[in-house]
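Q:
Number of protein chains: 4
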Amino acid sequence: MEKSVCEIPVQENKPAQKLAARRYDSQNTIVDVDGIRFGDKELVIIAGPCAVESQEQLFTTAKQVAGSGANILRGGAFKPRTSPYSFRGLEEEGLELLAKARTLTGLPVITEVMDTRYVKTVSQYADILQIGSRNMNNYPLLKEAGLSKMPVLLKRGMNATIDELLWAAEYILSHGNEKVILCERGIRTYETAYRNTLDLNAVPMLRHLTHLPVIVDPSHGTGIRWMVSDMAKAAIAAGADGLMMEVHHDPEAALCDGSQSLFPEDFEKLMQDLQLLAPAVGRKMHAPHTALV
Amino acid sequence: MEKSVCEIPVQENKPAQKLAARRYDSQNTIVDVDGIRFGDKELVIIAGPCAVESQEQLFTTAKQVAGSGANILRGGAFKPRTSPYSFRGLEEEGLELLAKARTLTGLPVITEVMDTRYVKTVSQYADILQIGSRNMNNYPLLKEAGLSKMPVLLKRGMNATIDELLWAAEYILSHGNEKVILCERGIRTYETAYRNTLDLNAVPMLRHLTHLPVIVDPSHGTGIRWMVSDMAKAAIAAGADGLMMEVHHDPEAALCDGSQSLFPEDFEKLMQDLQLLAPAVGRKMHAPHTALV
Amino acid sequence: MEKSVCEIPVQENKPAQKLAARRYDSQNTIVDVDGIRFGDKELVIIAGPCAVESQEQLFTTAKQVAGSGANILRGGAFKPRTSPYSFRGLEEEGLELLAKARTLTGLPVITEVMDTRYVKTVSQYADILQIGSRNMNNYPLLKEAGLSKMPVLLKRGMNATIDELLWAAEYILSHGNEKVILCERGIRTYETAYRNTLDLNAVPMLRHLTHLPVIVDPSHGTGIRWMVSDMAKAAIAAGADGLMMEVHHDPEAALCDGSQSLFPEDFEKLMQDLQLLAPAVGRKMHAPHTALV
Amino acid sequence: MEKSVCEIPVQENKPAQKLAARRYDSQNTIVDVDGIRFGDKELVIIAGPCAVESQEQLFTTAKQVAGSGANILRGGAFKPRTSPYSFRGLEEEGLELLAKARTLTGLPVITEVMDTRYVKTVSQYADILQIGSRNMNNYPLLKEAGLSKMPVLLKRGMNATIDELLWAAEYILSHGNEKVILCERGIRTYETAYRNTLDLNAVPMLRHLTHLPVIVDPSHGTGIRWMVSDMAKAAIAAGADGLMMEVHHDPEAALCDGSQSLFPEDFEKLMQDLQLLAPAVGRKMHAPHTALV
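Protein chains in written order, with numbering that gives the first Met the number 0: chain D, 0 to 292; chain F, 0 to 292; chain L, 0 to 292; chain R, 0 to 292.
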């Protein structure tokens, strides 16, 4: 008798990761960044602009997101851009501004590193290294991120399978760094109504397969501002450990990703909605940030 | 200066649907099926087996889902199967069993119609006609569903864009039938970790583009039992008006889709979780079904 | 030691088709339509307009393609269109015009059937029934096409796997009809530079897996007129048994698919190119059509 | 009146590349590597093993492919592998072996560079730098490849659009290096019958949009040995300027990509077939390699 399509086994007979796989460690791994614990009951909210554009832009937005309850500040100093003629970030000046924004707000900062030659420099300024989706298969970079021993946020490649994301994590883990946070950020499909297709199925699947924390980026995942809050809530309901979102004090003037960046008031409203949602799905929001009290 | 990828306009310059598009009717359309209102504040929960297999199987499962609070009973009498050698349903005998299960539980029933020649027959037994994902572009069937004036649940094709789903709805609407409910049920992507990739982005996007109610099928959307509840909750948090799920009193023995069917106790637990979740996102669950009191 | 990605077995442990699979019949099946033999050494060229629009349009184009050496005339009488407001074909009047064009040119005709209720009618006029890509999973239609005993051209669904295409063929074969011709016509991918992504990999794969003849439709496969000839030649070099192409005497004025229809002079040039190419890959072109001598 | 799907304009209103776009230079660019001219009438055939495994393996295969008429020798010294536990190449020892194989056969050599820190070293040994599909969006690496002024073979990312491939080329061109050869190598789709879906539509589309030479890699494009020759011929018929293929003197024992590597006798047969095919599509094969006479 023929086998039904619906009985096709998932990932049978495939090699599994040794260090990233759940069977290696039945407890969830908690990645602690200056007291902010990814993978614990409290949700971790990362927010900030796509790119660091200027001190005024960064500080304004940073204070707004900190005031609304964000736990970590994001901002790109090195930007991967499709066109060589686009704004590609302030580079080291951007790193310095991020460090100042950390002092200003008390929030740890995360920023992307794209080149093996810059891992050390970025590690001096940032609290978390971000490996972007375009670099998920940049194996030399994964190795350097592993050797750095820094907390690493690893974004799923826009065409990566769940299995490949876990193999990318394995590169970091196998070089002696257990501080890996996974991030679903949208995959590429035939659908053109959104910039990417945020794949929330990845959340329960990753939580099943790995002990590492899993967060979601609904800004890149959809590419459309008015979709971000709904998908952020959906991500939390699906079981995500946190969110990363783009917020800009003036999205219309943003040098990058303006159309998917939340206005500060959108972000404030979303944080209030999450205060209601989190307990309904067995999670908690962090207490207000003490540095701001 | 070149245009950033993130500024690509969504569906600019494309013709829009005349009747399905939101601008046609700024109010949400409510599709009322025997007092169960799709598109209203109360969430609508459809549950039941993939296929009607026997009176015992259907009645057992029907009583269980009704007891847990389902609002509508599903069950396939005509089954679209990849192989011609698979079980393809009890056909008219299945329709008769569904009608009896309605009498038994008081729940309206929904079942799939696959052939223009059967629209009248199925309409005599069912409360809602289901157009399955394989038939979303079966235009003669859409026309007959329109002419029938029955409530129609239209599932998104597994390779259909949001735009094409709305055009399929337009076929039904343009033949004089406004009672159309849209259903996201997973799309086909490169990812093989799940049977399909449930696309919850469709929920906010459809609510933006159309006035028609939108529900989600996390059973077909994932194809994996233990993913269904998490994705069901995520769908509601994303703004869906309801859910359709496969429940079987004995999934291991199911003739179809056993691996994605919930056990009755899974469904009971999910319904309790939704009682907590719904108010946290501004929705309500229906009051217990009076026929069972 | 872990298994390399490149060693993943193809379709291991999956049920195979009983009648469509190559092991059932080590000889290639030849489908003979009035002396035109699909699957033999001679390539079969099907050409004509997307839709039958009028007697003048059809006859003009039919004589042109016959004169250039086409073996079979195509033309749609029932057109599946995304929008209910688009031109959907002349229906039975179109069928009658096709029959007249056959008398005029001596070429057998192929046309699409979309509805189980029309299989008998279309069979009275056409020499080959076409099942379009949107209906590849329309199982009742596949069954009726099987029962009709007519030659059937089965187009791959735009999201269908090779395996599913063979299962669709199995539906026709298992209802007693061995005259099935498979047609690759482009699949849906993330790429937007072309209307569809013509998947020529399907040609060697299908020839490996099945004994049925395989042709290619580069018109729908690309959606862009100036790509058609290059992809037509590539299809033949990949091993296809023939081609189906849209040609219109005045593409700019076509009611359907104008932008992918060849001008008659493009088609004439392609036929000359194929005269050179065919022997270089071990195939032949048909001798000139005697009815026109 | 609504616009038909088939009339959607291709890439209208999108910014185009300044240097890679055809309008910049109506002549085709010819990239000359030691007298082997990519983009000219003669087809360029690159062949060799996936990875350099040992002197014996490399020299044996190198002599075989040179004897069959290959124009350039390929071989990986740095291998991007999904798992950190897989064989990742002989690194600098591999580069030295490639240089020796060049002396032995007289063929220029191509090898992949994956890390900005190795561009200079690889440039000392290789005649062409290969940027692999996983690194198509590794912008720092593209920049270094541009600054190196070496001939660069840029492979399309497995989820890259044609537009993005041209933007990646633009990165190299805009850093002062015009010697860019594009390579289609298969994209990721829902189809699982092949490892990747070789997209030959890219060939006519790229030749339309850019003046740069375009070759095809049917080994990675299909991942299946017995598909390689058919798809190689199809690529040439579609208009490709050359081919890159994996050949191994003992594929069963290969440390990488054995299942897609041609046996030397397969490659010899293919080269004979191409001698017939090339003139039938207006191209030529190179005269026999003089160093071997």
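Even glycine gets a Cβ: it sits at the ideal position worked out from N, Cα and C.
These figures come from a predicted structure and were not determined experimentally.
Looking at the secondary structure, which residues open and close the beta strand (DSSP E) in which V129(R) lies?
A: Note that residue 129(R) corresponds to Gln in the displayed sequence, not to Val. It spans 127-130 - the beta strand (DSSP E) in which Q129(R) sits, taken as one unbroken run.
Q: From the DSSP output, read off the bridge partner residues of G241(F).
A: Looking at the DSSP assignment, G241(F) forms a beta bridge with V43(F), I214(F).
Q: I109(L) by DSSP, collapsed to three states: which one?
A: I109(L) falls in the strand class under three-state DSSP.
Q: Smallest Cα separation from L72(D): which of Q259(D), S82(D), L96(D), R87(D)?
A: The option with the nearest alpha carbon to L72(D) is L96(D).
Q: Quick check on E143(L): buried or exposed, where buried means 16 or more other Cβ atoms within 10 Å of its Cβ?
A: Answer is buried; the Cβ neighbour count reaches 16.
Q: Might you give, ordered along the chain, the residues of its own chain that have their beta carbon closer than 8 angstroms to the beta carbon of T59(D), omitting 5 neighbours on each side?
A: Around T59(D): H248.
Q: Output yes if chain R places a C-beta closer than 8 angstroms to the C-beta of I214(L); else output no.
A: So no, I214(L) is outside the interface.
Q: Is it right to say W166(D) is buried, meaning 16 or more other beta carbons lie within 10 angstroms of its own, or is it exposed?
A: Label assigned to W166(D): buried.
Q: Go through the stretch 44-73 of chain L residue by residue and report every complete run of the beta strand (DSSP E) that reaches 3 residues or more, in order.
A: Counting whole runs of 3 or more residues, the stretch 44-73 of chain L contains the beta strand (DSSP E) stretches 71-73.
Q: Near I186(D), what residues of its chain come up, given a Cβ to Cβ distance below 6 angstroms and the 5 sequence neighbours on each side ignored?
A: The residues are M157, T196, D198.
Q: On the DSSP letters alone, give me the boundaries of the beta strand (DSSP E) that E183(L) sits inside.
A: Segment 179-183, the beta strand (DSSP E) holding E183(L).
Q: List the residues of chain R that A279(L) touches, going by C-beta distances under 7 angstroms, in chain order.
A: Here the neighbours are L275, L276, A279.
Q: Taking the C-alpha atoms as reference points, what is the distance between Q16(R) and E169(R)?
A: C-alpha separation (whole angstroms): 7 angstroms.
Q: Just the chain D side, please: which residues come within less than 8 angstroms of M204(R) by C-beta, in chain order?
A: Ordered by position in chain D, no residue passes the 8 angstroms Cβ test against M204(R), which lies about 17 angstroms from the chain.
Q: Take the Cβ of D114(R) as the centre, count every other Cβ of all protein chains shown within 10 Å, and call the residue buried at 16 or more, exposed below.
A: Buried.
Q: Can the beta-carbon of A98(F) be found less than 8 angstroms from the beta-carbon of Y138(F)?
A: No, the Cβ-Cβ distance between A98(F) and Y138(F) is not below 8 angstroms.
Q: What are the boundary residues of the beta strand (DSSP E) that includes I186(R)?
A: Element bounds for I186(R): n/a, residue is neither H nor E.
Q: In terms of residue numbering, what span does the beta strand (DSSP E) encompassing D31(D) cover?
A: It spans 30-32 - the beta strand (DSSP E) in which D31(D) sits, taken as one unbroken run.
Q: If you draw a straight line from the C-alpha of G238(D) to the C-alpha of G68(F), how long is it?
A: Going by the C-alpha atoms only, they are around 24 angstroms apart.
Q: What does a CB cutoff of less than 8 angstroms around T209(L) pick up in its chain, not counting 5 residues either side in sequence?
A: Excluding sequence neighbours, T209(L) sits near Q16, A19, A20, R21, L165, A168, L181.
Q: What three-state label does DSSP hand A20(L) in the structure shown?
A: Looking at A20(L) - three-state DSSP - the assignment turns out to be strand.
Q: From the DSSP output, in three-state form, read off I161(R) for me.
A: Three-state DSSP puts I161(R) in a helix.
Q: Under 8 angstroms: do the stretch 254-264 of chain F and the stretch 46-66 of chain F share three or more Cβ pairs, one atom per stretch?
A: The stretch 254-264 of chain F, when compared against the stretch 46-66 of chain F, does touch it at the 8 angstroms Cβ threshold.
Q: Under a Cβ-count criterion, where at least 16 other Cβ atoms within 10 Å of its own Cβ denotes burial, should T102(R) be classed as buried or exposed?
A: So T102(R) counts as exposed.
Q: Below 7 angstroms on C-beta distance, what does N200(R) contact in chain L?
A: Here the neighbours are Y193, T196, L197, T221, M226, M230.
Q: Return the first residue and the last residue of the alpha helix (DSSP H) that L261(F) is part of.
A: Here L261(F) belongs to no alpha helix (DSSP H), and DSSP marks it neither H nor E.
Q: Among the candidates M270(L), L276(L), G281(L), whose CA atom is the shortest distance from the CA of I44(L)?
A: Cα-wise, what sits closest to I44(L) is M270(L).
Q: Could you tell me whether the stretch 188-195 of chain D touches the stretch 30-48 of chain D, where touching means 3 or more Cβ pairs closer than 8 angstroms?
A: In short, these stretches do not touch, since the Cβ pair count stays below three.
Q: Return the CA-CA distance between R116(R) and Y117(D), expressed in angstroms with no decimal places.
A: So the two alpha carbons sit approximately 11 angstroms from each other.
Q: Less than 8 angstroms separating the beta-carbons of P203(D) and D216(F)?
A: No; because the gap between Cβ atoms is not below 8 angstroms, this pair is not in contact.
Q: Beta carbons nearer than 9 angstroms to chain D: which residues of the stretch 73-85 of chain F have them?
A: Residues R80, T81, S82, Y84, S85.
Q: Please check the pair V213(F) and E183(F), which I expect to be a contact at CB under 8 angstroms, by giving their CB distance rounded to whole angstroms.
A: Confirmed, Cβ separation roughly 7 angstroms.
Q: For chain L, find out if any of its Cβ atoms is closer than 8 angstroms to the Cβ of S173(F); answer yes or no.
A: Yes, its Cβ sits closer than 8 angstroms to a Cβ of chain L.
Q: Taking all protein chains shown into account, do 16 or more other C-beta atoms lie within 10 angstroms of the C-beta of A159(L), making it buried, or fewer, making it exposed?
A: Buried.
Q: Does DSSP put G257(D) in a helix, in a strand, or in coil?
A: Three-state DSSP puts G257(D) in a helix.
Q: Using beta-carbon positions only, say whether L140(L) and I127(L) come within less than 8 angstroms of one another.
A: No, the pair does not count as a contact, with Cβ atoms beyond the cut-off.
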